[in-house]
Every structure is written in C-alpha cells, then in structure tokens.
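Presented below is the structure to which this report refers.
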Amino acid sequence: MGLFCLTMKYYHVAIHLLLLSLAPKALSAGVSNYIPVNVDPVIERDIERLMVYASLTDLTKPYSVSLIEHGLDKIAVTQPALHARLARYIDAYKQRSNVTHASIQARYRADNNTAEVARVNERGTTLEESVAITLRAHTGISDWLLLNVGGHLSDENLQPTGSLLSVGASWAQLDLGYKEYWLSPFIGSSQLLSTQAQTLPSVSLSNNLPLTFFGVGFNYEFFVAQLSNQLTAYNGAYSDTKAPLLASTHISFQPVSWWTLGATRMFQFGGGERELDGSTLARAFYDPRGADNDASVDEESGNQVAALSSKMIFDGTVPFAFSVELAGEDTSNNKEYQLGNPALTAGLFFPRFFSDNVSFAYEYADWDNGWYVNNVYQDGYSNEGFVLGHWAMQEQHNVGTAVPGSSHFVAAQLWMPWNHTLDFKLRGVNHDSDIYSQAWNIDIDYFMPVLKQSSLGLGAYFGEDSQKNSFVQLRVSVQWR
C-alpha cells in the first residue's frame, strides 16, 4: 500500500496533464496486454522482424499486443508467412480469458564445477536451477480493465512475473504488479534495466499505442518499483530496515517514420533509515549533480543512471535496424547535462540475412568504470544480488569490482522445414583488469512442433566465465502457446 500511495502521489500531475491534452482520444482504444520478455525466443524474434518490416521503432519492452496488431496490418501483403505466424499467436490474446503461454523446462548441469554461474537475462537464476515452470494467463474484465496472472516457479525461487492489474486506455494505461521492463532498443542487453534480476513489483503509467502530435509520434513511461532490502548508508551507519525504491522516466519521439530518439532516467532512492518525500525525487530530477555528485553521503538523494537512445529502420533490398545508446552513471565534469562513466552500445538487426529463413543480430557494448556500485547502497544498483542492467557486469558485481570492459553479442535464428527452428546466441566479455580473463558462452536451442500449439525444445548452454570456470548445462522443454 505504501508503494502504491507513493507512486500515485508522483503521477497525479502527469495524469491530469494527459487528461487535458488527450481527452478527445480517450475512447479510441482500450487497455492492452503485453508480450512476455525473454520467455519464447522463436516468437520474440519474429516480433523483432515485424518491428523492422513495419517500421516500428519502439525503444523499450514489453511490447504491447496493441502495437503488434498495429504492425501486422502493415505487413499482411508483403510478409504473408510472418503475418500468419504472428496472427495465430496474437489470437490467444484476443480471447476474453485465456492461457497465452505455459512451459516446463528441465535442466541438468553437466560439469564438475561448484562455482555459481548466473544465467543471462533469466530473472535472477543460476545454473543450479533444475526445473522451471512459466505461465501467462489473462481475463479481460472490460475494455479498460484487464487482469493478468503469471509466474516463474523453479527450485530456486518463485516469482509472480507477469501478474498485473491494468486499467486505462491506449494513451494512458496504469499497470500494478510484476511488470517486466527492458529499457533498451537491443536484443541481447540493456544497460539501465533488463531481465537479469528478479522481476520487481511496480506501478507504471504508459501509452500502449504511439501518441501523435502534429505528425510526430511520442511514447512515454513512468514507474516506481520496489527493490530488495540492502544495507543503506545514513547518519554514519548502515541499515536495511526498509527496501530502496527505483523510479524511472522514459520519453521518446519519432521525428520521421523510420527513426526514434529517446531518453531514460533511473533513480534509486530511499531504503534503510532514509526518509521518503516528494522533494527527494524533485531535487534528484532537476539537480542531479547537486543531489548526487556534490553532496555528502547523507545529503545524497540516491543513485542515478540515464541513457540517450536512437533506433533507425532502413527499408531496402536488405532491410535492417541500427540502434545506438549512450548511457551514463551520475554526471561528469560537474555539469548536469554530461553523462558520467559513459557506456556505449551499438547494434544491428537483420530480419533476413542472405535468406528469408535466417535472421541475424550483432551488438557491441563498451563501458567505463563505476557501473552498478554506489556509496549509499552497499549492494549498488541491484536486486537480490543480481545487477539490474547489463548481464556482462554480473561477475564484476559478484567479485565486488566495477572496472571498464566490453561485450559482444551475436544471435542468429534459422527457420527450417516443418516449422523447426534453430536459435543460436554467442556472447563474449572482456574486463579491463588482470584479475579477470576473457569470458564467453554459447546458448543454442532446437525447437520442433509436437502437437497443435505445442513445441519440444532441446538446448545447451556452455562456456567459460572470467574466473576460468567452465560450465555446461543441458535442457529439454515443452511449451504451449
């Protein structure tokens, strides 16, 4: 109740402004469901292909079902096979009540190492997880009210991921519950917020379809989430009596149909014995340098990260998407408008790569020191011991360092006869320190249909971490969609 009241206090001004400016469009469309993030690699890659073919340049996930339906209308003639696959998938969301995803996966760690290895973008789980069940279901109470029930159950933890109560319209949807966030235009990583850690309980306000003013498209999202308890500095001591909160502001606009620019601010605040009030958020938002970098530990408002993002769609003989993001940890050179400790990420995605049956993605990230650590919060920018952002810095977080580094991500997906699919991911990490070696891992899955709307998956995950620990995990899964 405290989180809800706090969030509504900060959102009421934005809601009133939206009502004044957008009221004539209030009944244009209702509340929308969301596509799960990092749950179904086959469907999610098809959706990324749709985003390119339909020139949808949204910078964050989860994608709304309304957005996907909007994109499908654009490719019905030009991409009939892709349209047919996604239309069948979206049909499940059109039912007033339905189970949209269910899966069970058995995993076996086949190496002899005892080192704990975190799974990449797998919601705070490790290779020790042996059984996992994932579920998504919904019931539409009315056009403006939707209830989702979801979860991730395993022998490591239980998370109500995807359990949401949504109310509103296409221009202003309020979501309360365990909503997933991926605040990045990339497939393989997100510097500010990803699915590397467990899903956070949150309250968010966003549009589920692009808003248009004078021919320019806009998207926005505000949310406040609760992190896990961690030791927080105040008055010369550390306390974990209260959990910190995480506030986010994301705004993007589309100056032309093929290009979107966006900005995102994240603010970790409260926790321990620190007081919560509106002035803390206001000061951090309007004076990030004075509220963070220049203040003493007790006077600091909290911890901040931010990013500027761009995504372009090039429609030609070989269509592709090009994304770039510059992120920063605090401010630099004592200037509010300069991002400190910069992290640069760039990536390409080809919906077809020398063949209509192959998609390909490559992403590169490079970051300075100081990421995900903070002198106010002993465990830094994390939740339950897992970093909130880029997976490549998880090992640094485990060891307790924050050195510069870089990562590479390669992903390819091959569609074969009889609706069989091969999904391949290769990741590499270099940490700029002698205590680390080069790390790499490969994720490979083969999916085949077994019954109507069901598939069998066989997969392997193997590699070597930055401490030279080799690992191998085998898996088999059955999923229904």
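Counting with mature numbering (1 follows the signal peptide of the UniProt record, and there is no 0), you get residues -28 to -1, 1 to 453 for the letters of the sequence shown. Glycine included, each C-beta is placed from N, C-alpha and C at the ideal position.
- One Cα belongs to Asn129, the other to Thr97, and the distance between them is close to 8 Å.
- Here the segment 315 to 324 makes contact with the segment 293 to 301; the two share three or more CB pairs at distances below 8 Å.
- Judged by DSSP in its simplified three-state form, His362 adopts coil rather than helix or strand.
- Rounded to the nearest whole angstrom, the CA to CA distance from Ala197 to Ala104 is 25 Å.
- In the three-state scheme derived from DSSP, where H, G and I count as helix and E and B as strand, Tyr35 is classed as coil.
- Taking a cut-off of 8 Å on C-beta distances, the segment 396 to 410 does not touch the segment 43 to 53, as fewer than three cross pairs fall below it.
- Counting the other Cβ atoms within 10 Å of the Cβ of Glu88 gives fewer than 16, which makes it exposed.
- The straight-line gap separating the alpha-carbon atoms of Gln77 and Val290 is approximately 36 Å.
- Only residues of its own chain outside the window of five on either side were considered, and among them Ile416 and Leu446 have a CB closer than 6 Å to the CB of Ala432, listed in chain order.
- Cβ-Cβ separation between Gly274 and Phe326: approximately 48 Å, too far for a contact (criterion under 8 Å).
- Non-local beta-carbon contacts of Thr204 in its own chain, meaning distances under 7 Å to residues more than five positions away in sequence, involve Tyr210, Ser211, Asp212, Pro216, Gly243, Gly244, Arg246, Val348 and Tyr349 in chain order.
- When the Cα atoms are used, Val450 and Gly429 turn out to be separated by approximately 6 Å.
- A direct Cα-Cα distance of roughly 43 Å separates Ile223 from Val422.
- For Thr317, the beta-bridge partners assigned by DSSP are Glu297 and Ala337.
- Counting C-beta pairs with one atom in each stretch, the segment 15 to 33 and the segment 142 to 149 have fewer than three that are closer than 8 Å, which means they do not touch.
- Val3 and Ser135 have their alpha carbons spaced roughly 15 Å apart.
- The continuous beta strand (DSSP E) containing Tyr210 extends over residues Ala209 to Ser211.
- Secondary structure of Tyr408 (DSSP, three-state): coil.
- Around the beta-carbon of Phe185, fewer than 16 other beta-carbon atoms lie within 10 Å, marking it exposed.
- From the listed residues Asp340, His55, Ser295 and Arg399, the smallest Cα separation to Ser438 is found for Arg399.
- Gln425 sits in coil when the DSSP states are folded into three classes, being neither helix nor strand.
- Shown here for Phe286: same chain residues with a beta carbon closer than 8 Å to its own, the five before and five after excluded, namely Trp230, Phe292, Ala293 and Phe294 in chain order.
- DSSP, read as helix, strand or coil, puts Tyr353 in coil.
- In the structure shown, Gln163 falls within a coil segment according to DSSP collapsed to helix, strand and coil.
- Between His110 and Ser166, the alpha-carbon positions lie close to 23 Å from each other.
- Assigned with DSSP and collapsed to three states, Lys397 falls in strand.
- The continuous alpha helix (DSSP H) containing Arg21 extends over residues Pro13 to Tyr25.
- With contacts defined as CB atoms closer than 7 Å, Val188 and Phe225 qualify as a contacting pair.
- The segment 21 to 28 makes no contact with the segment 157 to 172: fewer than 3 CB pairs, one atom from each, lie closer than 8 Å.
- Taking Tyr150 as the centre and dropping the five residues before and after it, the same chain places the C-beta of Gly122, Gln131, Pro132, Thr133, Gly134, Ser135, Leu136, Thr171, Leu172, Pro173 and Ser174 closer than 8 Å to its C-beta, in chain order.
- A residue is called buried once 16 or more other Cβ atoms fall within 10 Å of its Cβ, and Trp390, having fewer, is exposed.
- Here Val9 carries a coil assignment [DSSP, helix/strand/coil].
- For Tyr418, DSSP records a beta bridge to Leu394 and Leu430.
- The C-alpha of Arg81 lies about 29 Å from the C-alpha of Tyr336.
- Counting along the chain, the unbroken beta strand (DSSP E) around Arg79 starts and ends at Ser69 to Arg81.
- For the 7 Å CB-CB criterion, Trp452 and Gln425 form a contact.
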